[in-house]
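Going by UniProt numbering, 266 is the number at position 266 of the sequence shown; the sequence numbering is gapless.
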Amino acid sequence: MTTAGQNARSRASTEFVDDTILEAFVPSASQVNLQELLEAWDGDIPENRNSIVPFIEQRQFLLVDELVHVYVVLRTKLVGETSLDAYLARLAITLEARAVGSLLVKPGDASSQPTQANELLFSDTIKHTEDPTICATEVQSDDDSEPVQFVYVFWRVKVLLSRPKAKIQKLSIYFAPSASLKPPEAKGTDNEEDEYMPTRVPQPINLLGPFAGDPALSGLKPHLSALRLSRPRPSTPTTKQLTRPLRTGPRRLFRAAPAFLWRVRFTRSPSAALAHTTIASVDLEITPFAGSDVAFNKFNLELSSGRVEALGPELPMRGQPGDQITLLFRLIPHSSDHSSYSGGQPQELSINCSSHVFVSENCIPKIKFMWNTPVELPSLRPNSRSGPKPASKPLGPDSLPMTDQSAGPDASTTVTNGVSISITGPPEVQVGHVFKWTLFAINRSDKVHRLAVLAMPKRRLPNQRHGQKDSATSITTLIPEKDKSGIAEPILDDKDIYNFQRNAAQEPTELICLSPDVRIGPLAPSACFTTELKFVALAAGVLYLDSLRVVDLNTQEAIDIKDVPDIFAIEKDD
1 MTTAGQNARS RASTEFVDDT ILEAFVPSAS QVNLQELLEA WDGDIPENRN
51 SIVPFIEQRQ FLLVDELVHV YVVLRTKLVG ETSLDAYLAR LAITLEARAV
101 GSLLVKPGDA SSQPTQANEL LFSDTIKHTE DPTICATEVQ SDDDSEPVQF
151 VYVFWRVKVL LSRPKAKIQK LSIYFAPSAS LKPPEAKGTD NEEDEYMPTR
201 VPQPINLLGP FAGDPALSGL KPHLSALRLS RPRPSTPTTK QLTRPLRTGP
251 RRLFRAAPAF LWRVRFTRSP SAALAHTTIA SVDLEITPFA GSDVAFNKFN
301 LELSSGRVEA LGPELPMRGQ PGDQITLLFR LIPHSSDHSS YSGGQPQELS
351 INCSSHVFVS ENCIPKIKFM WNTPVELPSL RPNSRSGPKP ASKPLGPDSL
401 PMTDQSAGPD ASTTVTNGVS ISITGPPEVQ VGHVFKWTLF AINRSDKVHR
451 LAVLAMPKRR LPNQRHGQKD SATSITTLIP EKDKSGIAEP ILDDKDIYNF
501 QRNAAQEPTE LICLSPDVRI GPLAPSACFT TELKFVALAA GVLYLDSLRV
551 VDLNTQEAID IKDVPDIFAI EKDD
């Protein structure tokens, strides 16, 4: 490539970067025809609009969990179709969606100042395989000169506005597009020309010319141009353009809030015939933020190991602002035999929702989200430590089954200091293999808790041979019963103590805990936390832990959880 051609291409790339501006917007209508709107535009720009697309009405607010269509528009001066395609192929465009606002301040903490939050919700790169919409038009300039011809390039990106992880007050969302011009692709070595020695240019002085007659070179004529030493290597202009991003237009700040609030509650089935079934009630409340009706098209629940049956009401359903709707589902764990233990496996509940909000006739946003959470379902096998159940009276044909209100909580759930801890483990383990217990803690109190969990091994039974023995060196005397309280017990000799300890039977270790100290917290009110305990079984059979000791690190109080799952260890089949 010649120097003149390279400089011309560099100037053209620089002019394209200077004449191009990038912006992201959300149209008010769910379905828009950009070509028709641009053709119907008379070229006038209203004073209250500073967007590069004033001919398109934009949204005033957005909804949380909305699947919104965001348009990224590029405006540049009119260029040839071939040149425009070449520039678009060299563009690297990225779109980000961010949530801003102020973080919540803890009640009663007057010293803390409200801080501004800026959380990333979405980030994606526009691929070159996506076909954009290209339109051209004339825009009247401000100085009443000749109109300027512009080219608009539109890309449509689907953005899912998920809920921010932080609790943000006065939530707002903005979209930040960014683009840069990549250097052109290098040509092959066969067609590539030397930039230091261009063609049809007089050669400079040969610095090695005096050595041409040296007999040691055997007729070779060395050549070294003076430009190789005096002229630095020119830098490629297109490489510098990569560090020069395109200009972006003003960022529109959208107010955001949820279209509806939802909450899931779990209760035991009141029927004795369905004692192992859990009823999940989903409470939906339509907020007055959007001021529009909401149509719930789909609200599905799925269990990782089980099935879900919908009890009602049937969907789709449409509600108005302020309405409260309750959906009921029956959670049934998988089991072919009620004597098997399938409730010990961790259960994962997935919620999938899809709905529409009727803001106007042309604006119908779509709400879509998926949410996963661990749940504790009743065990299909009674705990071995709970003892036999009392015999129940047979029910007559006209009697209703009554639930046992005096029954204790589930074997894997324990409440301590307002914190509910659920412990689940596998139905059986293999000897020598690592297995895990899952601890799911929920803080149901109004205080922040910090807990430590310790696995207490099984205590050995007291050995009678280590009990009190008569001293071999003390004189045996008869002491009245009334005087024994004031006399010290006899002391054993060191020789006897050594013999007792040497001959004592030692129990082998059957279970090893690989997580000696597990921390939970800080656990805020109504917050949950999931952690794991790792064990290794060294013997086959039914193994036990004495307890799980939960220590409150704030008050140093310790509570032992005796109600823990049993461990069935089996030998591995070779």
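The beta-carbon is built from N, C-alpha and C at its ideal position, and this holds for glycine as well.
Source: prediction; values computed, not measured.
- In the displayed model, residue 169 falls within a strand according to three-state DSSP.
- The segment 353-369 makes no contact with the segment 509-525, as fewer than three CB pairs between them are under 8 Å.
- Under the three-state reduction of DSSP output, residue 80 falls in the coil class, being neither helix nor strand.
- Assignment of residue 89 by DSSP, reduced to helix, strand and coil, places it in the helix class.
- The bridge partners DSSP lists for residue 318 are 295.
- Burial is judged here by how many other beta carbons sit within 10 angstroms of a residue's own beta carbon; residue 120 has fewer than 16 and is exposed.
- Per DSSP, residue 347 is one residue of the beta strand (DSSP E) stretching across 347-358.
- Here residue 63 is not near residue 295, since their CB atoms are 8 Å or more apart.
- Residue range 116-125 is occupied by the beta strand (DSSP E) that includes residue 116.
- Relative to residue 37, the option among 284, 312 and 137 whose CA is nearest is 137.
- The secondary-structure analysis by DSSP pairs residue 177 across a beta bridge with 95.
- Residue 534 and residue 513 have their C-alpha atoms roughly 6 Å apart.
- Just so you know, the alpha carbons of residue 530 and residue 421 end up roughly 10 Å apart.
- With contacts defined as CB atoms closer than 8 Å, residue 124 and residue 95 qualify as a contacting pair.
- When 205, 102 and 91 are compared, the shortest CA-CA separation from residue 164 is found for 102.
- Residue 168 has its alpha-carbon roughly 9 Å from the corresponding atom of residue 118.
- Judged by DSSP in its simplified three-state form, residue 540 adopts coil rather than helix or strand.
- For residue 13, the three-state secondary structure derived from DSSP is helix.
- Close CB contacts of residue 297 within its chain, under the 7 Å cut and outside five residues either way in sequence, are with 315, 316, 354, 355 and 356 (chain order).
- The beta carbon of residue 154 lies closer than 7 Å to those of 34, 71, 73, 132 and 133 in the same chain, with the five residues before and after it left out.
- If you draw a straight line from the Cα of residue 162 to the Cα of residue 14, it is about 38 Å long.
- Only residues of its own chain outside the window of five on either side were considered, and among them 418 have a CB closer than 6 Å to the CB of residue 445, listed in chain order.
- Comparing alpha-carbon positions, the option among 256, 277 and 257 lying closest to residue 266 turns out to be 277.
- For residue 224, no alpha helix (DSSP H) encloses it, and the DSSP letter there is neither H nor E.
- Cβ-Cβ separation between residue 454 and residue 521: approximately 15 Å, too far for a contact (criterion under 8 Å).
- Under the criterion of beta carbons closer than 8 Å, residue 377 and residue 333 qualify as touching, at roughly 5 Å.
- Rounded to whole angstroms, the Cβ separation of residue 286 and residue 322 is 6 Å, and the two are in contact under 8 Å.
- In the structure shown, the three-state DSSP call for residue 499 is helix.
- For residue 175, the CB contacts under 6 Å within the same chain, skipping 5 residues up- and downstream, are 24, 70 and 97 in chain order.
- Judged by DSSP in its simplified three-state form, residue 35 adopts helix.
- For residue 217, the three-state secondary structure derived from DSSP is helix.
- Non-local beta-carbon contacts of residue 553 in its own chain, meaning distances under 7 Å to residues more than five positions away in sequence, involve 450, 451 and 452 in chain order.
- When secondary structure is reduced to three states using DSSP, residue 209 falls in the helix class.
- Looking at the backbone, the Cα of residue 263 and that of residue 371 are separated by about 12 Å.
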